[in-house]
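Numbering (our numbering), first residue to last: 27 to 315.
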């Protein structure tokens, strides 16, 4: 079916309408726009992806102390491609499925249906290969060891990546300098500010120099100056190394500055058709805020 020739501003406004609706709606699909790298190989291909969380069994429901009456549909019929060397952004409201989608690409969560291919490998069938090709920095990172220093944490995870002692230390020195964490290398993780924890998370994602970088709200909790430096670093990682970057954000100005293309994921029940190919996206800021 041909994609209708609709201005990107109209597509964005339609996609964002459910965000401000007072009527509860189910998760919809995505609309994309921007400058496509269609001449490059596809790094990540997502096809008809869906994820539904089932109702927990009785004992687990009591433990969680929450009411689960029906299955929770987190994603439905999500399809798009990300090309190599592209910075691809995903924006949407809380609960739209951004983090779930990121974790599925990283093989941390299995989809209910559909398929994710990362550099030609299926995220479910070839999960070990996919994990060697991606680096993930989550929005709410809880896997660091609070009693270890920044350097010790990176060294621990470098060993898990299979890096030898000398190679690991050299790589850690590079990343601490890149993310301006050199003065904090001997500070325990528990003593770091929220923003520095976020920067350390992105540094860890880069330990194995992955060709695909997954960033879930990378500038969250950063002050404006630190956020600007983080955006510059992300752009440099993509441009200098030809790395593919997939990032989620709530910040329209941020994705407009960083991303070659943007997908908007919403809670509308109807599907949004996808449009791409424009050099610049004019965001409907008033509709989103």
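Here a beta-carbon is modelled for each residue, glycine too, at the ideal position from N, C-alpha and C.
Expressed to the nearest angstrom, what Euclidean distance is found between the alpha-carbon atoms of residue i and residue j?
i           : j           : result
residue 130 : residue 170 : 21 Å
residue 212 : residue 225 : 15 Å
residue 114 : residue 68  : 12 Å
residue 250 : residue 98  : 35 Å
residue 277 : residue 214 : 30 Å
residue 316 : residue 260 : No statement about residue 316 is possible, as the shown extent of the chain runs from 27 to 315 and does not include it.
residue 144 : residue 232 : 17 Å
residue 209 : residue 66  : 39 Å
residue 191 : residue 181 : 8 Å
residue 100 : residue 116 : 15 Å
residue 134 : residue 74  : 18 Å
residue 187 : residue 234 : 7 Å
residue 300 : residue 252 : Because residue 300 carries a pLDDT of 36, less than 50, the predicted location of this residue cannot be relied on, and no value is offered for it.
residue 263 : residue 126 : 24 Å
residue 272 : residue 201 : 20 Å
residue 194 : residue 184 : 6 Å
Between the options, which has its C-alpha nearest residue i's C-alpha?
i           : options            : result
residue 270 : 254, 239, 281      : 239
residue 256 : 133, 209, 221, 192 : 221
residue 286 : 194, 142, 108      : 108
residue 199 : 217, 179, 218      : 179
residue 159 : 237, 292, 252      : 237
residue 142 : 235, 76, 279, 186  : 76
residue 172 : 204, 106, 223      : 223
residue 267 : 163, 284, 110, 70  : 110
By a C-beta neighbour count over all protein chains shown, 10 Å radius and 16 as the cutoff for buried, is residue i buried or exposed?
i           : result
residue 137 : buried
residue 166 : exposed
residue 79  : exposed
residue 154 : exposed
residue 228 : buried
residue 121 : exposed
residue 112 : buried
residue 14  : The shown model of the chain, from 27 to 315, leaves out residue 14, and the question about it has no answer.
residue 151 : exposed
Reducing DSSP to helix, strand and coil, say where residue i ends up.
i           : result
residue 73  : strand
residue 100 : strand
residue 207 : coil
Can you check the stretch 132-192 for any beta strand (DSSP E) of at least 3 residues that lies completely inside it and give the ranges in chain order? 139-144, 160-163
Alpha helix (DSSP H) runs wholly inside the stretch 215-293, at least 4 long, in chain order: 220-231, 250-267, 278-284
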